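Only one structure is covered here, and it is reproduced in the block below.
In the numbering used here, the protein residues as written are 174 to 604.
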């Protein structure tokens, strides 16, 4: 080979290598939405999902809390992890709201010194428990996730496992999806560059397949959804907060409530959030059934019973905590459940969220079904709390950038359920 040819060959090879390196340096990684299966606990009527944490992997079932600010778990029961890193009090990752913790025992998750504290919140207790903020690997539906913060607490320090009070027996903590920096979807959106949105679909029962939380993904059938605005309560609804903090729970602007198109007669100001943060409508997965201000429940029961009677549906004795119960043998069955009068929430954009029999009536025994709305008293903090039973097999998509909620009402009217294989899309996003 001549010197001139060698030089040309060298220049060509260098150019190809440079292009290859440039291509590699601009290669874009791709990330799929994160999907968590949801199961229903028949005893508490709450919902939970499996999460793997630490090395070696320890599996926890965590209760789904739509209004929960963090992911936290009980790290007491013989749990240790070589990949657990406590967040130091002076770290930029420590928000400082829960102070600094220490421990006299051997180092393990939940026992370390100069550690950023975590406020462990369980809505079924009147207490706020102390925990540690840590960084450990998470295993979620085949994904290995790192750089995620969670709270770890030791139930040994609380009489009778008070920290887990009210949760499903299988559950060892709570996974929060509120509008906070430490909620799982917020952290995953940041660390994995996923869109700041998530979909929630709670299962009617475990016999019909699991429900789903899809972080960063949505439905393949957007035309089944209607959209409303998520509003912010300017006053915190959390058990602990700083003055001026807004609520991180999900509120919607309900304008009226009706039964088959006829408005209920109650003071409409109850549906607005007043100057102290009272009133309004929020969505909760930690309340099994929808809770209504007494002044709203009373006309709801009265009008529902009247319309049911017009259909020759026989009323029977009430079964606590429900006020209106009926003889199942006098009610027809439809694809959306028992054929009873529909209940509609009329929203700001003049769209309706309709509750059919499958979401408005609960079987208390084989012969009796009751209206699945309960009394919240005369002075509740929030006038309407839409509970888990009313959300079952309803698809909800939370867009946290545009602050919008899209929802389907009952999927059963479309012959779908939360576990339908073609319900969700799983686009690949550029990271």
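Glycine included, every Cβ here is placed at the ideal spot set by N, Cα and C.
Here the structure is a predicted model, which is why all the values come from computation and not from measurement.
Query - residue 402 to residue 550 span [Cα, whole Å] - result: Reading the chain shown from its first residue, position 229 is the one you call residue 402. Reading the chain shown from its first residue, position 377 is the one you call residue 550. If you take the alpha carbons of residue 402 and residue 550, they lie about 27 Å apart.
**Report entry** Sequence-distant residues of its chain with Cβ nearer than 8 Å to residue 431 (five each side left out)
**Finding:** As a working note, residue 431 is residue 258 in the chain shown. Around residue 431: 437, 516, 517, 519.
Query raised in the report: Taking Cβ to Cβ, would you say residue 368 is nearer than 7 Å to residue 376?
Result: Here residue 368 is taken as the residue at index 195 of the chain shown, counted from 1. Here residue 376 is taken as the residue at index 203 of the chain shown, counted from 1. Result no, Cβ atoms of residue 368 and residue 376 do not sit closer than 7 Å.
Requested in this report: Write down the C-beta distance between residue 314 and residue 208 rounded to the nearest angstrom, noting that I regard them as a contact closer than 8 Å.
Outcome: Counting from 1 along the chain shown, the entry for residue 314 is found at position 141. Counting from 1 along the chain shown, the entry for residue 208 is found at position 35. The pair is a contact, with the Cβ atoms about 5 Å apart (cut-off 8 Å).
Report task. Please list, in chain order, all residues of the same chain as residue 408 whose beta carbon is under 6 Å from its beta carbon, the five residues on each side excluded. Result -> Here the question's residue 408 lines up with position 235 in the chain shown. For residue 408, where only same-chain residues beyond five positions count, the Cβ hits under 6 Å are 450.
Query raised in the report: Unbroken alpha helix (DSSP H) runs of length 4 or more, entirely within the region 373-445: which are they?
Result: none
Requested in this report: Drop a sphere of 10 angstroms on the beta-carbon of residue 534, count the other beta-carbons inside from all chains shown, and report buried for 16 or more, exposed for fewer.
Outcome: Walking along the chain shown from the start, residue 534 turns up at place 361. Answer is buried; the Cβ neighbour count reaches 16.
Query raised in the report: Going straight from the alpha carbon of residue 244 to that of residue 480, what length do you get?
Result: Numbered from its first residue, the chain shown carries residue 244 at position 71. Numbered from its first residue, the chain shown carries residue 480 at position 307. Roughly 44 Å separates the two Cα atoms.
Query raised in the report: Where does residue 338 fall in DSSP's three states?
Result: On the chain shown, position 165 is the one that residue 338 refers to. Looking at residue 338 - three-state DSSP - the assignment turns out to be coil, as it is neither helix nor strand.
Query raised in the report: Can you name the residues that DSSP bridges to residue 517?
Result: Residue numbering aside, residue 517 sits at position 344 when the chain shown is read from its first letter. Note: residue 517 sits in a beta bridge opposite 431, 527.
Report task. Return the first residue and the last residue of the alpha helix (DSSP H) that residue 561 is part of. Result -> Your numbering for residue 561 matches position 388 in the chain shown. First-last of the alpha helix (DSSP H) with residue 561: 561-564.
Report task. Go ahead and label residue 352 buried or exposed: buried means 16 or more other beta carbons lie within 10 angstroms of its beta carbon, across all protein chains shown. Result -> On the chain shown, position 179 is the one that residue 352 refers to. Answer is buried; the Cβ neighbour count reaches 16.
Report task. Rounded to whole angstroms, what's the CA-CA distance from residue 410 to residue 350? Just pull it up for me. Result -> Taking the first residue of the chain shown as position 1, residue 410 is located at position 237. Taking the first residue of the chain shown as position 1, residue 350 is located at position 177. Answer to the nearest angstrom: the Cα atoms are 15 Å apart.
Query raised in the report: Short check: CB of residue 326 to CB of residue 302, under 7 Å?
Result: The count along the chain shown starts at 1 and reaches residue 326 at position 153. The count along the chain shown starts at 1 and reaches residue 302 at position 129. For residue 326 and residue 302, yes; Cβs fall inside 7 Å.
Query - Inter-residue spacing [alpha-carbon to alpha-carbon] between residue 502 and residue 514 - result: One-based indexing of the chain shown puts residue 502 at position 329. One-based indexing of the chain shown puts residue 514 at position 341. Using only the alpha carbons, I get a separation of about 16 Å.
Report task. Count the other C-beta atoms from every protein chain shown that fall within 10 angstroms of the C-beta of residue 224, then say buried if there are 16 or more, exposed otherwise. Result -> Start at 1 with the first residue of the chain shown, and residue 224 comes out as number 51. Buried, by the Cβ-count rule.
Query raised in the report: Which residues in the same chain as residue 474 place their Cβ atom closer than 7 Å to its Cβ, once the five residues preceding and following it in sequence are excluded?
Result: Taking the first residue of the chain shown as 1, we reach residue 474 at position 301. Answer for residue 474: 496, 497, 544, listed in chain order.
**Report entry** Assigned secondary structure, residue 447 (DSSP; H/G/I helix, E/B strand, else coil)
**Finding:** By 1-based counting over the chain shown, the position of residue 447 is 274. Residue state, collapsed to three classes: coil.
Query - Outcome for residue 197 when other beta-carbon atoms lying within 10 angstroms are tallied against a minimum of 16 - result: For this step, residue 197 is matched to residue 24 along the chain shown. The predicted position of residue 197 is uncertain, since its pLDDT is 39 and thus under 50; a value taken from the coordinates is nonetheless stated next. Per the 10 Å Cβ criterion, exposed.
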